[in-house]
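First comes the structure, then the notes that go with it.
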Amino acid sequence: MKLKSTFQVKHGVLLLIIVAFTIFPFVSDSRTWTILLTQIFIFSILAMSYDILLGYTGIVSFGHAMFFGMGAYSTAIMLNHFESTVGMFILSIAVGMVIAGVISFLVGLLTLRLKSHFFAMLTMAVSGLFLVLAEKWRTLTYGNDGFTFRAPEIFRDRMVFYLLVLGCLVLVYLFLRRFVNSPLGKVLIGVRENEQRTKSLGYNTLYYKVIASVVAGVIASLAGSLYAISLRFVNTSVLTMDITLDALLMTIIGGVGTLIGPIIGAGVIELAQHYLSGLAKEHPIFERWIIFFGIIYILAVIFFPRGIVGTIQYAFWKRKSKKSNAEVVTKRRELAK
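Under the working numbering, think of the first position of the sequence shown as 460, with each following residue one higher.
The structure is reproduced here in structure tokens:
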């Protein structure tokens, strides 16, 4: 009964948060906050996709940015070469997802047989190949210079795009929540905890890891498409290691294996970058704001070793466990009397 009550409270709070973010653009005329929250939502989707790999499957990838970049370039190129309509935008997202799904499937089959750091290094190498391809194929990508493109007319209103991204975030969260709570998701957690034991139970762990890689790649591609539309510009920066590191930091700071954690981590990092870079204009000491950003990350790791959400959950369950143990001891004493 208590578990059911806790479940209802948790989802009630999430629903209130979603409603609050939904009505925000209607009660606030701050363009800055609308754009900032939109960026947070986009990187939340990216961070959740990375959490499927790191948090639920135990895979460390240094090449996740290539899927983000595939989505960004698919949308930008199609809207640049064809008519900028909502239909073409939706089609570009679908194309990006298909490309990311196929590439993640092939890369997964080739690389997921490797262990730990060997896999991480190879994913970084494959991502580097796509970065070089984007730099050299200038007739299509315009290289490092990048190019601007027209977004669909409806997205000229930032509020409409804000609501679209928020809707995508909610749908992705619900889908991934269902995914990780399914029997398939439980196997992925088993792979993370002890792959050899999972194999001994008869599961083909490579098969499950490839599925996780495909799901993560497809979701990352969606984030890339939304990111390209938010800027109306794309260049090779969407394929760099910085994107992967941002996703990694967001996941670790928020809480690995929680889904909600990466969303909070994305908010912390995006807000920290926004305010620290803004302070650089007022105080010379903040011109090297990246140093202060590093300090924030170190403090977060020290005080929240399991991530913000992970640490809170651990403290809650530890207190609940102590309470349950105390109740058991009390009942035993009563029975002994």
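C-beta atoms are modelled at their ideal positions from N, C-alpha and C, and glycine is treated no differently. Please read all numbers here as calculations on a predicted model, not as lab measurements.
Out of Tyr-532, Gly-649, Gly-724, the CA that lies nearest to the CA of Phe-692 is found in Tyr-532.
In the assembly as shown, Gly-626 is an exposed residue. Its beta-carbon has fewer than 16 other beta-carbons within 10 Å. Taking every protein chain shown into account, the CB of Lys-574 has fewer than 16 other CB atoms within 10 angstroms, so this residue is exposed. Among the bridge pairs identified by DSSP, Thr-607 is matched with Phe-692. In its chain, beyond the 5 residues on either side, Gly-649, Val-650, Thr-664 have a beta carbon closer than 6 Å to the beta carbon of Thr-657.
Taking C-beta atoms as the reference points, Pro-484 and Thr-491 fail to come closer than 9 Å. According to the DSSP assignment, Gly-530 belongs to the alpha helix (DSSP H) that extends over 524-540. In the DSSP assignment, His-733 falls within the unbroken alpha helix (DSSP H) covering 719-738. When DSSP states are grouped into helix, strand and coil, Phe-521 belongs to the coil group. The beta-carbon distance between Ala-679 and Ala-584, rounded to whole angstroms, is 18 Å. This is too long to meet the 8 Å contact definition. The three-state reading of DSSP puts Pro-484 in helix, counting H, G and I together.
Nearest neighbour of Thr-544 by Cα position, chosen from Gly-471, Ala-610, Arg-778, turns out to be Ala-610. Judged by beta-carbon spacing, Phe-500 lies beyond the 9 Å limit of Leu-635, meaning their Cβ atoms are not closer than that value. The beta carbons of Ala-706 and Phe-578 sit no closer together than 9 Å. When only Cα atoms are considered, Thr-582 and Ile-562 end up about 12 Å apart. The beta carbons of Ala-682 and Ile-518 sit about 18 Å from each other, so the pair does not count as a contact at 8 Å.
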